[in-house]
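Per our numbering, residue 43 is the first one in the sequence shown, and the count goes up by one each step. Backbone N, C-alpha and C define an ideal beta-carbon position, used for all residues, glycine too. Single-structure report; data block below.
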Amino acid sequence: MRGKESEIAELDFLIRSAALGKAAGARDLEHIDGAAAAFNYIRIADLVASLFAAREITPPVLDWGCGYGQVSWLLQKRGVHVVSYDVERRPLRERMQGLNSICVEYSADPVRLPYTSSSVGTVLSVGVLEHVPDIIGSLQEIKRVLRPGGLLLIFMLPNRFSWAEWIADRRHASVHPVKFTLRSATDLLSSQGFDIERRWRRNFLPKNLTGFGPHFKRAYGALYGEIEAIDRILSKVPPTSYLSGVLEFQARKQA
Numbered sequence: 043m044r045g046k047e048s049e050i051a052e053l054d055f056l057i058r059s060a061a062l063g064k065a066a067g068a069r070d071l072e073h074i075d076g077a078a079a080a081f082n083y084i085r086i087a088d089l090v091a092s093l094f095a096a097r098e099i100t101p102p103v104l105d106w107g108c109g110y111g112q113v114s115w116l117l118q119k120r121g122v123h124v125v126s127y128d129v130e131r132r133p134l135r136e137r138m139q140g141l142n143s144i145c146v147e148y149s150a151d152p153v154r155l156p157y158t159s160s161s162v163g164t165v166l167s168v169g170v171l172e173h174v175p176d177i178i179g180s181l182q183e184i185k186r187v188l189r190p191g192g193l194l195l196i197f198m199l200p201n202r203f204s205w206a207e208w209i210a211d212r213r214h215a216s217v218h219p220v221k222f223t224l225r226s227a228t229d230l231l232s233s234q235g236f237d238i239e240r241r242w243r244r245n246f247l248p249k250n251l252t253g254f255g256p257h258f259k260r261a262y263g264a265l266y267g268e269i270e271a272i273d274r275i276l277s278k279v280p281p282t283s284y285l286s287g288v289l290e291f292q293a294r295k296q297a
């Protein structure tokens with residue numbers, strides 16, 4: 043069982059990796075450059091690993107749109123067989139010691155996946171689905187490569203009713219071209235042949251702190267444990283839950 047020391051070591055690793063990438067010129071690492079933001083990925087990796095240990099999901103686990111590879115790295119540490127995939131190459135990832143050890147498979151096709159049908163046990167979408175050019179086509183491809191009864195786990199899907207997204211939109215700082223409601227996302231997944239097993243909200247309290255300086259992020263991040271505990275409550279209980287930042291789903295491919 044992982045302890046606090048392991049958690050802190052993983053946070054330090056992710057934050058240090060972000061610092062290396064930013065020093066090399068990367069401008070898209072605010073999702074892991076502070077403890078509160080980076081813990082999002084530890085939370086996700088812990089959940090996936092628990093499902094894997096309980097045999098609710100089967101390998102291989104496809105980290106669809108893996109980005110810099112932070113989730114793949116965390117899952118590998120937890121003994122999960124993960125395949126890392128993306129369409130966008132990030133050359134500066136090679137400067138990020140540790141993450142540069144992740145072997146990423148790339149494709150120039152933004153929709154078509156380079157895998158045979160029914161070859162994948164589980165697909166992860168961690169902040170990816172809202173960015174793809176063809177959401178329906180991508181879901182159809184995910185369904186194609188999943189085995190019958192395979193699991194699709196969607197994390198950090200932006201909530202249309204999020205108070206933080208509302209502010210970001212008015213500051214012209216939002217990076218989410220598409221936002222969802224719990225109902226619209228549920229209807230979308232159902233229409234593409236997925237049965238929703240669980241759905242929940244998260245991140246009522248902001249985590250990435252886009253636009254804030256490093257000193258504030260460090261001070262905020264020092265309280266990441268307390269922030270996470272409070273967020274679990276506020277994201278679960280109405281009315282604050284309705285205004286949470288993200289929606290998350292556990293959906294299974296229909297037989």
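Leu117 is positioned such that its CB atom lies closer than 8 Å to that of Val90.
Between the segment 187-196 and the segment 263-283 there are fewer than three inter-stretch CB-CB distances shorter than 8 Å, so the stretches are not counted as touching. Secondary structure at Arg44: coil, using DSSP grouped into helix, strand and coil.
Of the residues His73, Ser59, Leu285 and Leu56, the one whose Cα lies closest to the Cα of Phe254 is His73. Around the beta carbon of Asp105, 16 or more other beta carbons lie within 10 angstroms, which makes this residue buried. Within the model, the alpha-carbon separation for Gly163 versus Ile269 is close to 33 Å. Assignment of beta-bridge partners to Arg243 by DSSP yields Leu289.
Apart from sequence neighbours up to five positions away, the residues of its chain that approach His218 with a beta-carbon distance below 6 Å are Glu172 and Pro200, ordered along the chain.
Contact between Arg137 and Gly76 does not hold, since the beta-carbon distance rounds to 19 Å and is not under 8 Å. Uninterrupted beta strand (DSSP E) stretches at least 3 residues long and entirely within the segment 111-183 occur at 124-128, 146-148 and 162-168, given in chain order. Burial check for Ser204: the Cβ neighbour count within 10 Å reaches 16 or more, so the residue is buried. Glu239 is a Cβ neighbour of Arg294, given a cutoff of 8 Å.
By the 16-neighbour rule on beta-carbons within 10 angstroms, Gln296 is exposed. Ranked by Cα distance from Gly109, the options Ser126, Lys119, Pro102 and Glu98 are led by Ser126. At a cut-off of 3 residues, the continuous stretches assigned as beta strand (DSSP E) that sit fully inside the segment 180-217 are 188-200. If you look at Leu230, you'll find it in the alpha helix (DSSP H) that goes Leu224 to Ser233. Rounded to the nearest angstrom, the gap between the Cα atoms of Gly263 and Ala68 is 21 Å.
By the criterion of a C-beta distance shorter than 6 Å, Leu247 is surrounded in its chain by Ile269 and Asp273, once the five residues flanking it on both sides are discounted. Taking C-beta atoms under 8 Å as the contact rule, Glu207 and Trp242 fail to qualify, at a distance of about 17 Å. Exclusion of the five residues before and after Ser159 leaves Arg186 and Val187 as the residues of its chain whose Cβ lies within less than 7 Å of its Cβ. Residue state for Arg294 is assigned as strand, using DSSP reduced to three classes. In this model, Ile84 and Ser233 are separated by some 31 Å (Cα to Cα). In this structure, Val122 is the residue among Asp54, Leu224, Val122 and Leu141 with its C-alpha nearest to the C-alpha of Glu98.
In the structure shown, Phe94 adopts helical secondary structure according to DSSP, grouped into three states. For Asp273, the enclosing alpha helix (DSSP H) covers residues Tyr266 to Leu276.
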